[in-house]
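S.K.: Quick one: the structure is below, and I'll ask about it shortly.
Chains as they are written, first to last, in our numbering: chain D, 1 to 222; chain W, 223 to 744.
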C-alpha cells in the first residue's frame, strides 16, 4: 500500500505540472492514464460508454480547450454541460457525410481535441492518416469505438446506472469500471471505478450492494 | 428665416404603391382602418379613418390591401432618385412625400416654376419604373400617371402643405398662404384638439397669438407648432444618404469550372471590395457571395463573422465558397460553370479599427478555431457546424438548442418553469428520432399503459428495434407528459426509466400503445 502511494507520487501529475503538451483530465482518469493526462497528438480510442467520453472531455474543456465532435449526433449535450464541458467551446458537426476525413483534417489543425465517430465502412487508411495528422499537429484525437490506430484505449468494461428499483426511484448516477490499455507505458492495463462525477470510487466499490450505492454522489446539474 | 423648399406629395401613396388603379375602388388598411384610398374610392365616400366594415358597406366591391410601409418606400425610391437627378439634397419625409431645397435649382433653371416643371418631367419619366415595382402579377397594362402635387414655399412644412394644393407660394407669402387653412394640418393631434376647443380653427388665428404666451401655455411643442403656423419653419432638408453600391462583380469567360480558376478572381474581388469599403470609411462583418452559372442558375450564400473582416478573410470566404460550389456535394453543385461572381459586403459598420484583447481574448486560439470552423462550413454548408445552447424544455432534446456556428448563442425559455422536466442526471445519448422498442412482462406479453396511467404488468424484458431481449433490473414510471394539448402538434406520453442487466438505463416513452427509446444512459 505504501509502495503504491510512493509510486503514485513519483509518477504523479506534480512532476509534469508545467508540461503544456499535456491536457488535464479528471482525477479518476488521471490516476489510470499513463501520463496522468491526455498528451497532445495522441489518438485515444474510447469505447463502451458515452458518459466515459464526456468525462474524458470535461477535464480539458474546463481547462480552456476547444473540442469538436464529428459524426456523433446522438451525444447528449445536456449531459455534456452537466459533466462540465464548456458548450461555447464545443463545435458539433453531426453529419460530415463522405467528406468526413477532410473535415476532421481541417479541424485537427485548429482544435485541441477532435472526437470522431467513424462510420461503419470507414477505410483503415483514412484512420491511419488522421492519426498521423493528429500527431503532427499536436491535437488530441478521440475515436469513438474500435480504432485500430489508437495509441491508447480507454474502455468501460462494466457500467452500472444506479438508482432504479422495481417501480420506484430514478436514475441517479453511473459507475464505470474503466480500463486503460495501449502502447508503451500503458501496455499493462490499469483499471479503476469511476463514478458519475468523474471521481474515483474507493477500491472496495466493485461490489455494489446497497452500501456501495449509498456512497455515490449523484451527478450535479449545471 | 425659412429656406425655400420644393415638396413633392403623392396623395394616397400607400394605395398607389400597392398597385391599385386610380379608377377602381381600393383602399389600404392599417389596424382595421383605412389609411389611403384611390380617387374612385374617395368618390364613394371612403376616406382615412373609416373602419373596414364601413368601407365595405359603402362599396361592397372594394379591394382592401394591408398596409406595407416597406413596399411604399420601395416603390417611392425610383421617384426620389428622379427628383434627386434634377435637384440634389432630397429628404424623404414619408411614403410619397419628399422635400428638397430649391434656391440653387431655381437660379439654375431660371425661376421656381421652371424648376417645378423639370421635377414634374423627371417624375413622369421615372413613373414606369416605380409602377413596375408596384405591379402585381397579372397586371398587363401600365397604370396612368398618378396625381402628383408639387409645391414651393418657405420651409418644409409650408412646402408640404403647398404640394397638396399644387401651388407655388411666392417668397414671403407663406404666412398669408397658411392663414386661412385649418389647424388640423399641424401634426399633433392633442394640440389640434385643444386649439379647436379654444376656438382657434385656422392656422392664421393660432399664428396671431403672441409667441411668448403660446410658449407659456402650450410648452415647447406648442411653440414649435406656432412657428410652423406663422410660416417660420427654420428646418433645413436633411439630405438623404445616397445608397452606395458596395458590391463588386467579376465575369468569367470562359466559365469557371474548377475551383482554381475562381481562386485568383476571389482574391481580386476581395481586395476590390475591401478597398471600396475603406474608401467609404466602412468595414463589414459579413459578405454575401452570389454566382450565376452558364446554365442560368444563381446561387448565393451569406457569410457572417463576429468582427470586421479583413481583405484576407474576405478572400478566404470567397475561395471556400467557390470550393464548396465547384467541388462540393452533388446537390449543391451548379450544373454548369460560373460566368459571374458578385461579392457584396453586409453588416456594415464604421471602420474604427479593432483592438485585440491584451490577454488573448478573443484570442489566438479562438481566431484559429473560428477559421477552421468557417472552412468546414464552406465545405459542408453553414448549417453543418453547430453549437449547443442550453434552452428551456421538458425533454433532454428540447433543453439543448443547436444553432449554426457563428450565429448568436441565445437560449430560449430558460426563464420559464418547466413542470415535469426530466430529473438529473441527463441522459448521455439522445435519440432523434426515437428508436422503436418493445417492453414485455414476465409472461412475454407486451406491457401497456391505461388511459389512467396504470401499467398492465411490471416490465421484465426490453428489446430495442430488432435487437435481442434484455432483462429489466429496475424501472420507474409512468411519468405522464401532456404537452401542447391546445395545438395540433400535441404530444401525450408516459415516460419510464428502465435499467437493464447489461448496466445501461433507458428513457422510454409510451404513446398510443407504442414504446420508444428517447434517450439512453450509457
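A virtual CB, placed ideally from N, CA and C, is assigned to each residue, including glycine. These numbers come from a predicted model, not from an experiment.
Hey, how far is the Cα of residue 178 of chain D from the Cα of residue 194 of chain D?
M.R.: Each residue's alpha carbon lies about 7 Å from the other.
S.K.: So residue 170 of chain D contacts chain W; which residues on that side make the cut at Cβ distance below 8 Å?
M.R.: Residues of chain W passing the Cβ test: 645, 698 and 719.
S.K.: Let me make sure I understand the geometry here. Which of W:606, W:327, W:590 and W:315 has the alpha-carbon closest to that of residue 629 of chain W?
M.R.: Comparing Cα-Cα distances from residue 629 of chain W to each of W:606, W:327, W:590 and W:315, the minimum goes to W:606.
S.K.: Where are the beta strand (DSSP E) runs, 3 residues long or more, that stay fully inside the segment 669 to 744 of chain W, in chain order?
M.R.: Taking only runs of at least 3 residues, the beta strand (DSSP E) segments lying wholly in the segment 669 to 744 of chain W are 683 to 686, 692 to 705, 713 to 722, 727 to 733 and 736 to 743.
S.K.: Am I right that residue 680 of chain W and residue 166 of chain D are in contact with their C-beta atoms under 8 Å? What's the rounded C-beta distance?
M.R.: With 8 Å as the limit, residue 680 of chain W and residue 166 of chain D qualify as a contact, their Cβ atoms being about 7 Å apart.
S.K.: To the nearest angstrom, how far is the alpha carbon of residue 582 of chain W from that of residue 69 of chain D?
M.R.: Note that residue 582 of chain W has pLDDT 49, beneath the 50 cutoff, so the model's placement of it is unreliable and the number below is only indicative. Residue 582 of chain W and residue 69 of chain D: Cα-Cα distance of roughly 25 Å.
S.K.: What does residue 94 of chain D touch in chain W if you count any residue whose Cβ is under 9 Å from its own?
M.R.: Neighbours of residue 94 of chain D on chain W, chain order: 606, 608 and 624.
S.K.: Secondary structure at residue 525 of chain W, three-state DSSP: helix, strand or coil?
M.R.: Three-state DSSP puts residue 525 of chain W in a strand.
S.K.: Does the segment 249 to 260 of chain W touch the segment 319 to 337 of chain W, meaning 3 or more C-beta pairs lie closer than 8 Å?
M.R.: These segments do not touch.
S.K.: What residue range is occupied by the uninterrupted beta strand (DSSP E) comprising residue 371 of chain W?
M.R.: Element bounds for residue 371 of chain W: 371 to 376.
S.K.: Out of D:54, D:38 and D:32, which has the shortest C-alpha to C-alpha gap to residue 647 of chain W?
M.R.: Answer by Cα proximity: D:54.
S.K.: State the start and end residues of the unbroken alpha helix (DSSP H) segment that holds residue 297 of chain W.
M.R.: 291 to 308 is the span of the alpha helix (DSSP H), which, as asked, contains residue 297 of chain W.
S.K.: Assuming contact is defined by CB atoms lying nearer than 9 Å, are residue 298 of chain W and residue 243 of chain W in contact in what I supplied?
M.R.: No, these two residues do not count as a Cβ contact at 9 Å.
S.K.: Report yes if the C-beta distance between residue 134 of chain D and residue 102 of chain D is below 9 Å; otherwise report no.
M.R.: Cβ atoms of residue 134 of chain D and residue 102 of chain D: not closer than 9 Å.
S.K.: Here's the rule: buried if 16 or more other CB atoms are within 10 angstroms of the residue's CB, otherwise exposed. What is residue 107 of chain D?
M.R.: Classification of residue 107 of chain D: buried, given that the 10 Å Cβ count is 16 or more.
S.K.: Select from the segment 135 to 169 of chain D all residues with a C-beta closer than 7 Å to any C-beta belonging to chain W, and list them in chain order.
M.R.: The segment 135 to 169 of chain D vs chain W, Cβ under 7 Å: 158, 159, 160, 161, 164, 165, 166, 167, 168 and 169.
S.K.: So, is the C-beta of residue 703 of chain W closer than 9 Å to a C-beta in chain D?
M.R.: Taking Cβ atoms only, chain D never reaches closer than 9 Å to residue 703 of chain W, which makes this a no.
S.K.: Quick check: is the beta carbon of residue 179 of chain D nearer than 9 Å to any beta carbon in chain W?
M.R.: Not closer than 9 Å to any Cβ of chain W, the Cβ of residue 179 of chain D fails to qualify, so no.
S.K.: Can a CB atom of chain D be found closer than 9 Å to the CB of residue 587 of chain W?
M.R.: True, the Cβ-Cβ gap to chain D drops below 9 Å.
S.K.: Flag this pair as yes or no: are the beta carbons of residue 729 of chain W and residue 739 of chain W separated by less than 9 Å?
M.R.: Cβ distance < 9 Å, so residue 729 of chain W and residue 739 of chain W count as in contact.
S.K.: Near residue 126 of chain D, what residues of its chain come up, given a Cβ to Cβ distance below 7 Å and the 5 sequence neighbours on each side ignored?
M.R.: The answer, listed in chain order, is 101.
S.K.: Starting from residue 590 of chain W, follow its DSSP beta bridges and name the residues at the other end.
M.R.: None; residue 590 of chain W has no bridge partner.
S.K.: Please report the straight-line C-alpha distance between residue 452 of chain W and residue 438 of chain W, rounded to a whole angstrom.
M.R.: Taking the straight line joining both Cα atoms gives about 17 Å.
S.K.: Considering just the uninterrupted stretch of the beta strand (DSSP E) at residue 340 of chain W, what are its terminal residues?
M.R.: It is not in any beta strand (DSSP E) - residue 340 of chain W instead sits in the alpha helix (DSSP H) that spans 334 to 356.
S.K.: Chain D beta carbons: is any one of them nearer than 9 Å to that of residue 498 of chain W?
M.R.: Not closer than 9 Å to any Cβ of chain D, the Cβ of residue 498 of chain W fails to qualify, so no.
S.K.: Looking only at its own chain, which residues have a Cβ that is under 6 Å from the Cβ of residue 471 of chain W, when we skip the five neighbours before and after it?
M.R.: Cβ neighbours of residue 471 of chain W beyond the five flanking positions: 564.
S.K.: Mark residue 515 of chain W as exposed unless 16 or more other C-beta atoms lie within 10 angstroms of its C-beta, in which case mark it buried.
M.R.: With 16 or more other Cβ atoms within 10 Å, it is buried.
S.K.: Might you give, ordered along the chain, the residues of its own chain that have their beta carbon closer than 7 Å to the beta carbon of residue 417 of chain W, omitting 5 neighbours on each side?
M.R.: Here the set comprises 405 and 428.
S.K.: Counting along the chain, where does the alpha helix (DSSP H) carrying residue 172 of chain W start and finish?
M.R.: A question about residue 172 of chain W goes unanswered here, because the residues of chain W that appear run from 223 up to 744.
S.K.: With 8 Å as the C-beta to C-beta threshold (strictly closer), list the residues of the segment 439 to 451 of chain W near chain D in chain order.
M.R.: Here the close residues number zero.
S.K.: For residue 466 of chain W, count neighbouring Cβ atoms within 10 angstroms of its own Cβ and tell me buried if that reaches 16, exposed if not.
M.R.: Classification for residue 466 of chain W: exposed.
S.K.: Report the three-state DSSP secondary structure of residue 72 of chain D (helix, strand or coil).
M.R.: Residue 72 of chain D falls in the coil class under three-state DSSP.
S.K.: Per DSSP, what are the beta-bridge partners of residue 28 of chain D in this structure?
M.R.: According to DSSP, residue 28 of chain D bridges with nothing at all.
S.K.: Chain D partners of residue 668 of chain W, CB-CB under 8 Å?
M.R.: Per Cβ cutoff of 8 Å: no residues; residue 668 of chain W is ~18 Å from chain D at best.
S.K.: On a Cα-Cα basis, can you pick out the residue from W:326, W:540 and W:675 that is closest to residue 482 of chain W?
M.R.: It is W:540 whose Cα lies nearest to the Cα of residue 482 of chain W.
S.K.: Between the Cα of residue 587 of chain W and the Cα atoms of D:25, D:38, D:89 and D:71, which residue gives the shortest distance?
M.R.: Here the closest residue by C-alpha is D:89.
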